[in-house]
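Each residue of the sequence shown is one higher than the last, beginning at 1 in full-length UniProt numbering.
Virtual Cβ for every residue (Gly too), placed ideally from N, Cα, C.
Quick caveat, the model's predicted, so the values are computed rather than measured.
The structure appears right after this line, and notes come after that.
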Amino acid sequence: MDRMNEYQALLQALSETPPALEGSVARAKAKDRRRRAGRWCGIPMASLGGLAAAFVLLVNFSLPFARACGNIPFLKDLAAAVAFSPSLKAAVEHDYVQPIGQSQTVNDVTMTVEYLIVDQKQVNIFFSLKSDAYTALWGDPEVLEPDGETGGRSVGWRSPEDGSGLQQVVVNYLEGDTPDALTLRFKVMGDRERAPDEPIPAPDALSRIGGEALPEREYVAEFTFDLGFNPAFTETGETISLGTPFTLDGQDFTADSVEIYPTHVRLNLSADPANTAWLKGLDFYLTDENGNRYDKVSNGISATGTGHAGGMTSFRLESSYFGRAEHLTVHIAGCTWLDRDREYVTLDLAQGKALSPPARRRDAGGDYTSGVHGQYHPFR
């Protein structure tokens with residue numbers, strides 16, 4: 001019996017939890033709950049980090065996403081900057097924009113290149129100038145090719161009349177195409193805000209009536225930006241060969257080609273060498289099968305010509321690119337001519353008058369209509 005009692009006592013001891021282990025199960029369960037909670041929180045935090053990085057990339061490289069996120073003030077500035085151009089306005093509406101966001105600060109002036117609108121023949125650079133030290137900022141742009149060349153294109157600069165909002169540099173390529181990259185140098189001038197107790201210069205100090213030339217205004221800051229272009233933009237454009245002869249006011253021409261780009265359309269002509277007048281201007285426009293009208297560009301280059309040909313041979317219109325038209329019609333309402341045999345004028349410098357009358361400009365009326373057919377926007 002004693003052995004049996006000892007055995008039962010041993011079983012009883014084994015079934016009881018030692019004092020050192022009391023509460024261990026509860027502690028283990030609590031630890032497990034904390035571990036699960038930490039894992040539940042840790043995974044979303046890591047995911048949020050990835051989402052934040054993706055968000056930054058989308059905002060910087062996707063205009064639709066930036067618009068969806070409500071970046072309204074800046075989009076208003078961009079909309080105001082392109083309001084003068086139906087072509088650029090359509091480009092923005094169709095998200096044909098390359099975000100940049102490069103910023104530099106020199107001498108209390110901050111210049112930020114915000115956006116590019118680029119195609120095969122034109123570069124539009126939109127940027128802002130800001131400073132607490134100057135009430136107005138403007139400047140002189142210089143655009144350099146990757147090889148340092150500056151020929152074969154024109155450079156223009158546009159600023160809002162009130163000095164606020166985005167400014168714009170436009171690069172037009174006449175013969176060659178837009179390169180893969182450009183360097184923009186911009187020298188800034190500014191009017192510094194005058195302190196309340198600072199005296200206003202006397203009129204003679206401003207006008208230099210005494211014969212002394214006005215001093216050249218100094219630049220307050222200089223910036224250099226290296227801009228790379230998305231090939232999807234620089235390769236955008238289409239040329240449709242025509243070879244269509246036509247006659248205007250007795251002068252013979254051939255419509256050689258139409259070039260369609262997101263920023264503009266070019267109608268390229270060649271003149272018969274036997275023509276008696278130079279074509280100096282066209283009053284014309286395009287229409288498509290949907291009733292849309294595309295007028296001559298109202299800002300920037302409207303026509304170009306070669307020196308040896310005399311007259312204009314390439315004319316610019318607003319772009320039909322985003323209209324996706326299958327048929328375009330050219331409407332010519334009038335022409336401006338200069339007589340070819342009156343190229344030179346003899347002047348009497350002593351009397352200040354011309355000894356032979358200058359070439360007479362002739363404006364012709366009437367309506368000439370022709371169709372355009374092609375892959376997108378063709379000629380008939």
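| Item | Value |
| --- | --- |
| Please classify T178 as buried or exposed, where buried requires at least 16 other C-beta atoms within 10 Å of its C-beta. | buried |
| Secondary structure at A277, three-state DSSP: helix, strand or coil? | strand |
| Please state if the CB of A79 and the CB of V92 are separated by a distance shorter than 8 Å. | yes |
| Helix, strand or coil, according to DSSP, for S87 in the structure here? | helix |
| Got a sec? Which residues, its chain only, sit under 6 Å from D140 by beta carbon, not counting five neighbours each side? | K187 |
| Comparing alpha-carbon positions, which option in N299, G101, G165 and W157 lies nearest S131? | G165 |
| Flag A255 as yes when its Cβ comes closer than 7 Å to any non-hydrogen atom of the ligand NAP, and as no otherwise. | The model depicted lacks the ligand NAP and carries no ligand whatsoever. |
| Look at G300 and K280 and say whether their C-beta atoms are less than 8 Å apart. | no |
| Return the CA-CA distance between D226 and V143, expressed in angstroms with no decimal places. | 10 Å |
| Does DSSP classify Y173 as helix, strand or coil? | strand |
| Keeping to the same chain, check which residues put their C-beta closer than 7 Å to that of G250; ignore five residues upstream and five downstream. | none |
| Run through the DSSP bridge pairs and tell me what R158 is partnered with. | Q168 |
| Taking only three categories from DSSP, how would you classify A221? | strand |
| Which of the three DSSP states is assigned to Y261 in this structure? | coil |
| What does the alpha-carbon distance come out to for the pair E175 and R153? | 8 Å |
| Could you check whether Q168 and H264 sit closer than 8 Å to each other, using their CB atoms as the reference points? | no |
| Less than 8 Å separating the beta-carbons of E289 and A255? | no |
| Could you give the DSSP three-state label for D77: helix, strand or coil? | helix |
| Taking the alpha carbon of I125 as the reference point, which residue from V155, Q104, A133 and A136 has its own alpha carbon closest? | V155 |
| Between G148, A133 and P262, which lies nearest to V109 when the distance is taken from Cα to Cα? | A133 |
| Using 10 angstroms around the beta-carbon of T224, count the other beta-carbons present and answer buried if the total reaches 16, otherwise exposed. | exposed |
| Give the straight-line distance between the Cα atoms of V330 and F284, rounded to the nearest whole angstrom. | 7 Å |
| T276: buried (16+ other C-beta within 10 angstroms of its C-beta) or exposed? | exposed |
| Measure the alpha-carbon distance for T239 versus S257 and round it to whole angstroms. | 7 Å |
| Whole angstroms is fine: what's the gap from G228's alpha carbon to S87's? | 22 Å |
| Compare the C-alpha of E149 against each of E161, Y173 and D191 and name the closest. | Y173 |
| Which term fits S241, buried or exposed, when burial requires 16 or more other beta carbons within 10 angstroms of its beta carbon? | exposed |
| Taking the straight line between their C-alpha atoms, what separation do you get for N272 and S302? | Per the sequence shown, the amino acid found at residue 272 is Asp instead of Asn. Distance between the alpha carbons of D272 and S302: 22 Å. |
| Buried or exposed: which applies to V345, given that a residue is buried once 16 or more other Cβ atoms fall within 10 Å of its Cβ? | exposed |
| Can L286 and S320 be called in contact, C-beta distance under 8 Å? | yes |
| Just tell me which of K76, D147, A333 and D348 has its CA closest to the CA of L282. | A333 |
| Given a threshold of 16 other Cβ atoms within 10 Å of its Cβ, counted over all protein chains shown, does V106 qualify as buried or as exposed? | exposed |
| Report buried or exposed for T234, applying the criterion of at least 16 other Cβ atoms within 10 angstroms of its Cβ. | buried |
| Classify residue 415 as buried or exposed, calling it buried when 16 or more other Cβ atoms lie within 10 Å of its own Cβ. | With the chain represented from 1 up to 380, any question about residue 415 goes unanswered, as that position is not in the structure. |
| Starting from F127 and walking both ways along the beta strand (DSSP E), at which residues does that stretch end? | Q122 to K130 |
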